[in-house]
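Colleague:
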RNA sequence: GCCGCUAUCGUCUAGGGGACUAGGACGCCGCCCUCUCACGGCGGAAACCGGGGUUCGAAUCCCCGUAGCGGUACCA
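Residue numbers (this note's numbering): 4 to 447.
1) Within a Cβ cutoff of 7 Å, which residues of the same chain sit near residue 210, ignoring the five residues on either side of it in sequence?
2) Does residue 172 come out as helix, strand or coil in the three-state DSSP assignment?
3) Helix, strand or coil: which one does DSSP assign to residue 364?
4) With a 10 Å radius around its C-beta and 16 neighbouring C-beta atoms as the bar for buried, classify residue 328 as buried or exposed.
5) Only counting the same chain, and skipping five residues up and downstream in sequence, which positions put a Cβ closer than 7 Å to that of residue 100?
6) Once the 5 residues before and after residue 447 are set aside, which same chain residues still bring their CB inside 8 Å of it?
7) CA-CA distance, residue 191 and residue 218?
8) Who are residue 252's beta bridge partners in DSSP?
9) Considering only their Cβ atoms, is the gap separating residue 57 from residue 20 smaller than 9 Å?
10) Among 435, 359, 381 and 340, which one has its Cα closest to the Cα of residue 408?
11) Give a yes or no on contact between the stretch 240-254 and the stretch 331-341, applying the rule of three or more CB pairs nearer than 8 Å.
12) Taking contact to mean 3 or more Cβ pairs, one atom from each stretch, closer than 8 Å, check whether the stretch 396-411 and the stretch 354-372 are in contact.
13) State the CB to CB distance for the pair residue 72 and residue 41, rounded to an integer number of angstroms; the pair is presumed to be in contact (CB under 8 Å).
14) Our contact map puts residue 131 next to residue 205 with C-beta atoms below 8 Å; I'd like the distance itself, whole angstroms only.
15) Report all residues from its chain with a CB closer than 8 Å to the CB of residue 216; omit the five preceding and five following residues, and keep chain order.
16) Rounded to the nearest angstrom, what separates residue 226 and residue 260 at their Cα positions?
17) Based on the DSSP secondary-structure assignment, which residues constitute the bridge partners of residue 189?
18) Would you identify the three-state DSSP class for residue 96, choosing helix, strand or coil?
19) Can you look up residue 115 in the DSSP assignment and give me helix, strand or coil?
20) Could you give the residue range of the beta strand (DSSP E) that holds residue 71?
21) So, with DSSP's three-state summary, where would you put residue 378?
22) How is the beta strand (DSSP E) around residue 143 delimited, first residue to last?
23) Report buried or exposed for residue 50, applying the criterion of at least 16 other Cβ atoms within 10 angstroms of its Cβ.
24) Three-state secondary structure (DSSP) at residue 309?
25) Rounded to the nearest angstrom, how far is the Cβ of residue 301 from that of residue 333, given a contact under 8 Å?
26) What does the alpha-carbon distance come out to for the pair residue 321 and residue 213?
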């Protein structure tokens, strides 16, 4: 079994492309096949080395590896020219100078649903000859059979007048030469498939199996675009998502099996994935479920692993201890710093929080807490917990009347990791210094 | 316009003639837990696009309509 992922390097790899890559990868892994990476760069305008690198970068981040390639379509021009000559020589293709206007005129005469047929000429673009009768049937693993009657099909242009070949021709030849057995790609290619099949047939080649995946839409049901944010793999990474969570989420966007499980580790996906079970209707890409799922994966990470990823994401060092106390409170790597950063960089300045929790009553509670912490033997989470709860009791206060002023004193704001844990991580000296700062009314 | 594809809770989906009082997950709402924010637990609201068939029986099969999407380039 040989599958391929063949993006055109027109910019960052989008979610839809990433899912196509993932499905191909899963099929290859599941079936013990090979994934071939091909870059469709025959559009010289948009295909830059930077764009190619972006795609490779995205695939590496997703940890989707490939067995062969990347092969550049542009480097196969020689082979394309040979095959084109062959089709021209044996009459499967012909040169025609017919323009788009000519095609229109043809349809005006013969009816809009009649496919264009040209006359062979000495010069012009190369068109593939489509049979008059019959139909080309696409047998698709997810959609079943789709019939394209030949009379509706235009003779497709497969090469420009300068002999450079066009997409539908190059794809067919490349898939053939690469020995691709399963073509798994977006549904936007379904209508292209008969053209490619006709090329294959003209060459007397065997057809690969096809599987056309439903397209992905944005939350508004429209085609996914930059407007939707986080539409590219890079944006997902920057937003603090984990590649394993993205894989899990993407796998479930357009595929599901009888099992109700939602959290499915990659190895499990490899075991269970079956392209025949891919859904036929387009799916919307929504961040909510990904965020939730990402949180699940974050919580399952070993603290060392989580800390390493947080360090890479924030560019900070030695985050282990805070990572441990923030782990269950964040859904993405990006959520971490706003929550725990103040423990490292010092309290933030939140006037509303000071106003609410550091007035007379709050300061008294804070002073009492300071005293208890200063006298404490040891400075562990447990001892801090016990000491502060004694303070609460002795003041006949509600817990939050003591804990919130403390939180505002050490973090500057009303949201932070657990108060005992936070204090323990800071250490007695730093904790007391921050409390003193707050009591002194210093802006921190 | 033409050629195609698709149609189950707001979203992702399970369902492939009777097991459907239509299941799960996210989100939403309520309650519990609780030092904030979360996590977690419990409960709730929420869907078969419409109309015709076929059948003893239809979310499941067929047709029509409607809607959405794709293709219709000497783009990929």
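Where is the CB? At the ideal position from N, CA and C, for every residue including glycine. If you're wondering where the values come from, they're calculated on a predicted model, not measured in any experiment.
Modeller: In short:
1) So the qualifying residues of the chain are 200 and 203.
2) Here residue 172 sits in helix by DSSP.
3) Three-state result, residue 364: helix.
4) Around the beta-carbon of residue 328, 16 or more other beta-carbon atoms lie within 10 Å, marking it buried.
5) Cβ contact annotation for residue 100 (same chain, cutoff 7 Å, sequence separation greater than five): 124, 126 and 127, in chain order.
6) Here residue 447 scores only 40 on pLDDT, less than 50, and its place in the model should not be relied on; the value that follows carries that caveat. For residue 447, the CB contacts under 8 Å within the same chain, skipping 5 residues up- and downstream, are 349, 350, 351, 352, 415, 437, 440 and 441 in chain order.
7) If you take the alpha carbons of residue 191 and residue 218, they lie about 7 Å apart.
8) Residue 252 is not bridged to any residue.
9) Not closer than 9 Å, so no.
10) Nearest C-alpha to residue 408 among 435, 359, 381 and 340: 359.
11) The stretch 240-254 is in contact with the stretch 331-341.
12) The stretch 396-411 is in contact with the stretch 354-372.
13) The pair is a contact, with the Cβ atoms about 6 Å apart (cut-off 8 Å).
14) Rounded to the nearest angstrom, the Cβ distance from residue 131 to residue 205 is 7 Å, consistent with a contact under 8 Å.
15) Correct list, in chain order: 22, 23, 26, 145, 187, 188, 189, 190, 257 and 281.
16) C-alpha separation (whole angstroms): 26 Å.
17) Looking at the DSSP output, residue 189 shares a beta bridge with 216.
18) Of the three classes helix, strand and coil, the one that applies to residue 96 here is strand, per DSSP.
19) Assignment of residue 115 by DSSP, reduced to helix, strand and coil, places it in the coil class.
20) First-last of the beta strand (DSSP E) with residue 71: 71-75.
21) Helix at residue 378.
22) That run of the beta strand (DSSP E) goes 138-143.
23) A buried status is given to residue 50, since no fewer than 16 other beta-carbon atoms sit within 10 Å of its beta-carbon.
24) Residue 309: helix per DSSP, three-state reduction.
25) Yes, residue 301 and residue 333 are in contact; Cβ-Cβ is about 6 Å, under 8 Å.
26) Residue 321 and residue 213 have their C-alpha atoms spaced approximately 50 Å apart.
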